[in-house]
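Everything on this sheet refers to the single structure shown next.
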Amino acid sequence: MSVYPRIGGRLLRPSMGMMQVGSSLFHLHGKVGGLLPLERVLCTAFHKEPDRVPVTHFLIGAARRLTGISYEQFSRDPEMAADAYIAANEIIGGDVLYTVIDLSVEAADFGQKMVYPPYSTAHPDYHAPRIASVEDYERLEVFDPRKSPRMSMGIELGRILSKKAGIRYPVMGFIFGPLGVLAMMRGAQRLFVDCLRHPQKVKTALEVITEVLVDYARAQCDTGVDSVMLDTLFGSQSGISRELWVEMEGVYARRIADEIRRNGALVSLHNCGTGPYLDLQLEYMQPLLVTLADIPDDCESLQEMKSKYGKRTALAGLVTTQDILMESPQRVMEIAREQIRILAPGGGYVLAPVCEYPPNADLASARAIVRAAEVYGKYPIE
Numbered sequence: 001m002s003v004y005p006r007i008g009g010r011l012l013r014p015s016m017g018m019m020q021v022g023s024s025l026f027h028l029h030g031k032v033g034g035l036l037p038l039e040r041v042l043c044t045a046f047h048k049e050p051d052r053v054p055v056t057h058f059l060i061g062a063a064r065r066l067t068g069i070s071y072e073q074f075s076r077d078p079e080m081a082a083d084a085y086i087a088a089n090e091i092i093g094g095d096v097l098y099t100v101i102d103l104s105v106e107a108a109d110f111g112q113k114m115v116y117p118p119y120s121t122a123h124p125d126y127h128a129p130r131i132a133s134v135e136d137y138e139r140l141e142v143f144d145p146r147k148s149p150r151m152s153m154g155i156e157l158g159r160i161l162s163k164k165a166g167i168r169y170p171v172m173g174f175i176f177g178p179l180g181v182l183a184m185m186r187g188a189q190r191l192f193v194d195c196l197r198h199p200q201k202v203k204t205a206l207e208v209i210t211e212v213l214v215d216y217a218r219a220q221c222d223t224g225v226d227s228v229m230l231d232t233l234f235g236s237q238s239g240i241s242r243e244l245w246v247e248m249e250g251v252y253a254r255r256i257a258d259e260i261r262r263n264g265a266l267v268s269l270h271n272c273g274t275g276p277y278l279d280l281q282l283e284y285m286q287p288l289l290v291t292l293a294d295i296p297d298d299c300e301s302l303q304e305m306k307s308k309y310g311k312r313t314a315l316a317g318l319v320t321t322q323d324i325l326m327e328s329p330q331r332v333m334e335i336a337r338e339q340i341r342i343l344a345p346g347g348g349y350v351l352a353p354v355c356e357y358p359p360n361a362d363l364a365s366a367r368a369i370v371r372a373a374e375v376y377g378k379y380p381i382e
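Residue numbering for the sequence shown follows our numbering, beginning at 1 and increasing consecutively.
Right, here's the structure in full:
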């Protein structure tokens with residue numbers, strides 16, 4: 001069952017004040033005994049030191065290998081995906097469960113033709129973009145995500161995970177940001193040009209997409225997930241300018257984040273871009289937890305990031321994909337240990353890869369990341 005009861009058909013969730021008190025109690029309990037993953041992550045989200053640093057391996061598609069299912073089964077069957085995610089935490093370790101499938105879920109339900117490779121992540125058919133011309137921006141239509149093929153799977157996956165494991169693990173829903181969804185239907189380069197040359201047409205599409213994503217957020221919250229994570233990839237130096245991001249995504253992402261909070265769940269954020277505009281994203285979405293692939297554009301080091309943002313939001317990351325692919329598990333543990341040393345003191349830090357664990361990479365480094373939290377992440381940090 002979900003950790004949250006229902007009264008009159010609505011989930012009864014704790015208030016922010018109640019969660020603050022709970023995090024303080026878990027902090028005290030963590031000094032004398034081990035915490036459940038849900039308790040550990042809640043402690044961290046409210047900047048209290050738990051028993052040890054929480055950790056996630058970010059196994060998404062890679063989790064399918066632990067239960068022997070195909071990538072297409074993982075991408076289309078919520079029961080199979082849920083079993084794979086739970087197996088990943090039970091076999092490798094980890095403190096968080098996700099409903100992430102891939103970054104094309106929302107675009108597919110807007111009509112984007114998809115490709116489902118047997119051994120890799122589902123992706124758009126790049127030869128058949130849904131937005132083939134600027135006129136197509138005005139042809140998108142609002143729909144109910146509860147009844148669409150792939151978004152309904154994301155909703156059902158949240159319901160299954162909350163029922164099967166929600167008392168032990170925090171469950172995070174997931175929504176790709178409006179501009180990211182549009183990029184999956186147009187292509188990022190052409191979209192960026194259109195943002196400058198045809199901004200009103202792009203905004204027409206963004207309004208439709210945002211309306212659906214707000215409803216998607218509402219539906220995910222109703223499953224009992226603890227948090228919903230927004231992915232605003234293009235709010236970074238590897239995306240578009242700060243000013244253009246505010247105009248083309250920040251104002252829309254705010255509406256989605258507000259809906260998540262309105263329905264009692266916590267807002268999380270993922271940005272795997274280079275030089276993320278963290279100050280702007282905190283302003284527009286106010287997330288309690290942010291997972292990053294790089295230090296923010298206004299910081300020079302991990303130390304500065306911790307000093308500048310470590311009390312404004314909980315931080316997660318930053319074990320790079322390159323290190324996972326190129327370094328030995330022993331070296332990955334040492335890299336994780338250094339990140340723990342800098343980012344974990346005072347709480348507010350989750351050890352994690354910078355992005356999805358490579359779907360076909362050796363899983364030894366996933367275990368190394370978890371092991372680093374278990375060995376080097378015990379509070380007080382030495």
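Just so it is clear, CB atoms sit at the ideal spot from N, CA and C, and this is done for glycine as well.
Exposure label - residue i; buried when at least 16 CB within 10 Å
i	result
residue 200	exposed
residue 126	exposed
residue 307	exposed
residue 7	exposed
residue 109	buried
residue 183	buried
residue 9	exposed
residue 364	exposed
residue 359	buried
residue 124	buried
residue 278	buried
residue 153	buried
residue 28	exposed
residue 197	exposed
residue 17	exposed
residue 128	exposed
residue 148	buried
residue 139	exposed
residue 32	exposed
Sub-8 Å separation of residue i and residue j beta-carbons
i	j	result
residue 280	residue 246	yes
residue 268	residue 302	no
residue 353	residue 319	yes
residue 204	residue 236	no
residue 174	residue 229	yes
residue 67	residue 82	no
residue 38	residue 224	no
residue 390	residue 260	Residue 390 falls outside the range modelled here, since the chain spans only 1 to 382, and no answer is possible.
residue 287	residue 160	no
residue 271	residue 232	yes
residue 195	residue 256	no
residue 253	residue 284	yes
residue 342	residue 372	no
residue 105	residue 150	yes
residue 155	residue 145	yes
residue 282	residue 226	no
residue 332	residue 368	yes
residue 355	residue 313	no
residue 60	residue 357	yes
residue 92	residue 350	no
Close beta carbons around residue i, own chain, < 7 Å, minus the five adjacent residues each side
i	result
residue 344	53, 377, 381
residue 276	235, 236, 292, 294, 296, 297
residue 299	305, 308
residue 84	63, 64, 66, 67, 69, 74
residue 1	Reliability of the predicted coordinates at residue 1 is poor, the pLDDT of 45 falling under 50, and no value is obtained from them.
Contacts around residue i, its chain only, beta-carbon distance under 8 Å, and the 5 residues preceding and following it disregarded
i	result
residue 34	51
Cβ shell of residue i (< 6 Å), same chain only, five flanking positions each side left out
i	result
residue 347	44, 47, 48, 49
Task: Meets three-Cβ-pair contact criterion under 8 Å: the stretch 197-214 and the stretch 179-186 - done: Three or more Cβ pairs drawn from the stretch 197-214 and the stretch 179-186 lie within less than 8 Å of each other, which places the two stretches in contact.
Task: Runs of beta strand (DSSP E) lying entirely within the stretch 254-285, each at least 3 residues, in chain order - done: Segments of the beta strand (DSSP E) lying fully in the stretch 254-285: 266-271.
Task: Ranges of the beta strand (DSSP E) found wholly within the stretch 278-331, counting only runs of at least 3 - done: Qualifying beta strand (DSSP E) stretches, in chain order: 289-292, 314-319.
Open item on the list: Counting beta carbon pairs with one atom in the stretch 61-76 and one in the stretch 108-122, are three or more of them shorter than 8 Å?
Closed with: Judged by Cβ distances under 8 Å, the stretch 108-122 makes contact with the stretch 61-76, as three or more pairs qualify.
TODO: Tell me the start and end of each unbroken beta strand (DSSP E) in the stretch 144-191 that is at least 3 residues and wholly inside, in chain order.
DONE: Given a length threshold of 3 residues, each whole run of the beta strand (DSSP E) inside the stretch 144-191 is given here in chain order: 171-176.
TODO: Note down, one range per segment and in chain order, each alpha helix (DSSP H) of at least 4 residues found wholly within the stretch 3-65.
DONE: The stretch 3-65 contains these whole alpha helix (DSSP H) runs: 16-30, 37-45.
Open item on the list: Within 8 Å, do at least three Cβ pairs link the stretch 326-335 to the stretch 14-27?
Closed with: Not touching, per the Cβ criterion.
Open item on the list: With a threshold of 8 Å, are at least 3 pairs of Cβ atoms found where one atom belongs to the stretch 78-96 and the other to the stretch 56-69?
Closed with: The stretch 78-96, when compared against the stretch 56-69, does touch it at the 8 Å Cβ threshold.
Open item on the list: Check whether the stretch 160-171 and the stretch 212-220 are in contact - that is, three or more C-beta pairs closer than 8 Å.
Closed with: By the Cβ rule, the stretch 160-171 does not count as touching the stretch 212-220, because fewer than three pairs are nearer than 8 Å.
TODO: Ignoring anything shorter than 4 residues or poking outside the stretch 72-129, list the alpha helix (DSSP H) runs there in chain order.
DONE: Listed in chain order, the complete alpha helix (DSSP H) runs (minimum 4 residues) inside the stretch 72-129 are 78-91, 105-109.
TODO: Enumerate, from N- to C-terminal direction, the unbroken alpha helix (DSSP H) stretches of 4 or more residues contained entirely within the stretch 185-230.
DONE: With a minimum length of 4 residues, the continuous alpha helix (DSSP H) runs that stay inside the stretch 185-230 are 188-197, 199-221.
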